[in-house]
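In what follows, a structure is listed as C-alpha cells, so that the remarks can point back to it.
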Amino acid sequence: DAGITQSPRHKVTETGTPVTLRCHQTENHRYMYWYRQDPGHGLRLIHYSYGVKDTDKGEVSDGYSVSRSKTEDFLLTLESATSSQTSVYFCAISEEWWQKPNYGYTFGSGTRLTVV
Amino acid sequence: KQEVTQIPAALSVPEGENLVLNCSFTDSAIYNLQWFRQDPGKGLTSLLLIQSSQREQTSGRLNASLDKSSGRSTLYIAASQPGDSATYLCAVRPWGAGGTSYGKLTFGQGTILTVHP
Chain A
93 DAGITQSPRH KVTETGTPVT LRCHQTENHR YMYWYRQDPG HGLRLIHYSY GVKDTDKGEV
153 SDGYSVSRSK TEDFLLTLES ATSSQTSVYF CAISEEWWQK PNYGYTFGSG TRLTVV
Chain B
125 KQEVTQIPAA LSVPEGENLV LNCSFTDSAI YNLQWFRQDP GKGLTSLLLI QSSQREQTSG
185 RLNASLDKSS GRSTLYIAAS QPGDSATYLC AVRPWGAGGT SYGKLTFGQG TILTVHP
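Keeping their order, the protein sequence lines are chains A and B.
If you're matching positions, the first sequence starts at 93 in this note's numbering and goes up one per residue.
If you're matching positions, the second sequence starts at 125 in this note's numbering and goes up one per residue.
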C-alpha cells in the first residue's frame, strides 16, 4: 500500500455521532475513490473525486459526504453514523491513462468502522 | 449497468494443482480489467492488469487472459501453494466521460481460494 494511507485503521463509534475517515496519498494522482466492503455485497463505490474540489456520488452515497481540498487528501464523513454503516472502508487512487497507460487502481489498507 | 460475476464462489484444492478462476462481465466497453488478491482482514493487492487491447498478462505463476468480445477473463494459477490462499477479485474499469479513464471500477464478488498442503 505504498503511497496511500488510511486513518484511522479501526474505529468504534456510537449511533448518531459524526465520523470522518481520512485518505492520504503521496503519488500525486488525480483520482481518488471511497469504497465500502460488506459480506454479500462486495466492494461498492461511495464517492469519488476527479480533482481538487471536484467530487461526485457513487452507487451508495446516501449518508456520506466527501471533501477534497488538496490533491493528497480525500475525506469521507458520515454525518450521523448508523449501524448500517458498519463496514470496512477502502480508499483507492488512479491516474489518467496517458500518464501511466498500464496503471490500475491502488488501494489503501482499509478502515474497519463499527457503529454501535 | 455493468455486472461482474466470478465463478466459482469458493474453491478448495490440494497443493500443486493448476487452477482457473473465471470472471465475466456484461458490458464489453471496458478500459481495462484488473485482478486483485485480498487476504483476510487486509486490503487489496493488485496482481495483474489487462488493457482492453491486450489478450493476456503474465506475472510469475499467474496468467490472466481477456476476451473482451465475449465478456470473459480467466486467472490461471500454476502449481498452487498454501500461500496462494486468499480471496481473488476481478474488477472492470470503463472508459470515463470525454475519453478520460477515471471510470469507476465494478467488482465481482470474488472467489475464495483455499490451497491445502
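Ideal Cβ placement from N, Cα and C applies to all residues, glycine included.
For clarity, every value in this text was computed on a predicted model and none was experimentally measured.
Next item on the list: Consider the Cβ of A/Tyr197: report whether some Cβ of chain B lies at a distance smaller than 8 Å.
Entry: Judged by the 8 Å Cβ criterion, A/Tyr197 is in contact with chain B.
Margin query: Taking 6 Å as the limit between beta carbons, can you name the residues of its chain near A/Thr118, skipping five residues before and five after?
Written below: Sequence-distant partners of A/Thr118 (beyond 5 residues in either direction) whose C-beta falls short of 6 Å from its own C-beta, in its chain, are Gly95.
Margin query: Between the alpha carbons of B/Pro138 and B/Ala202, how many angstroms are there, rounded?
Written below: Taking C-alpha positions only, B/Pro138 is separated from B/Ala202 by approximately 12 Å.
Next item on the list: Indicate whether at least one CB of chain A lies closer than 8 Å to the CB of B/Leu237.
Entry: Not a single CB atom of chain A sits nearer than 8 Å to the CB of B/Leu237.
Check: Comparing the C-beta of B/Gln158 with each C-beta of chain A, is any distance below 8 Å?
Finding: Flagged as an interface residue toward chain A: B/Gln158, by a C-beta distance shorter than 8 Å.
Next item on the list: Starting from B/Phe231, find everything on chain A with Cβ-Cβ shorter than 7 Å and list it in chain order.
Entry: Simply Gly134 and Leu135.
Item checked: Integer-rounded CB distance, given that A/Thr203 should sit under 8 Å from A/Arg101 -> A/Arg101 to A/Thr203, Cβ: 6 Å. Contact.
Next item on the list: Just mark B/Thr242 as buried or exposed, buried being the case when its beta carbon has 16 or more other beta carbons within 10 Å.
Entry: The first residue shown for chain B is 125 and the last is 241, placing residue 242 of chain B beyond what the model contains.
Check: By DSSP, does A/Thr175 sit in helix, in strand, or in coil?
Finding: Before going on, a small fix: residue 175 of chain A reads as Ser here, not Thr. Under the three-state reduction of DSSP, A/Ser175 is assigned to helix.
Item checked: Start and end residues, beta strand (DSSP E) containing B/Ala156 -> Position check: residue 156 of chain B holds Asn in this sequence, whereas Ala was assumed. Looking at the DSSP string, the run of the beta strand (DSSP E) that includes B/Asn156 is Ile154 to Gln162.
Check: Does the beta carbon of A/Lys201 sit closer than 8 Å to a beta carbon anywhere in chain B?
Finding: Sequence check: residue 201 of chain A is Ser here, not Lys. Yes, because at least one Cβ of chain B sits closer than 8 Å to the Cβ of A/Ser201.
Margin query: Between B/Gly207 and chain A, is the shortest Cβ-Cβ distance under 8 Å, so that the two count as touching?
Written below: Taking 8 Å as the CB threshold, B/Gly207 stays off the interface with chain A.
Next item on the list: With 7 Å as the C-beta to C-beta threshold (strictly closer), list the residues of the region 176-194 of chain B near chain A in chain order.
Entry: Cβ contacts with chain A come from no residue of the region 176-194 of chain B.
Margin query: Short of 6 Å in beta carbon distance, which residues of its chain neighbour A/Val104, apart from the five on each side in sequence? Order them along the chain.
Written below: When the five nearest sequence neighbours on each side are left out, the beta carbons in the same chain lying within less than 6 Å of the beta carbon of A/Val104 are those of Thr206, in order along the chain.
Checklist line | Listed by chain order, chain B residues near A/Phe182 by CB distance under 9 Å | finding: Simply Gly167 and Leu168.
Check: Is it the case that the Cβ atoms of A/Ser141 and A/Tyr127 are separated by a distance below 8 Å?
Finding: Contact: no.
Item checked: Coarse secondary structure for B/Pro218, derived from DSSP in three states -> Strand.
Check: Just to confirm, are A/Gln98 and A/Cys183 a CB contact at a threshold of 8 Å?
Finding: Cβ distance < 8 Å, so A/Gln98 and A/Cys183 count as in contact.
Note to self: If we define contact as Cβ-Cβ less than 8 Å, is B/Leu199 a contact residue for chain A?
What the structure shows: Between B/Leu199 and chain A, the shortest Cβ-Cβ separation is not below 8 Å.
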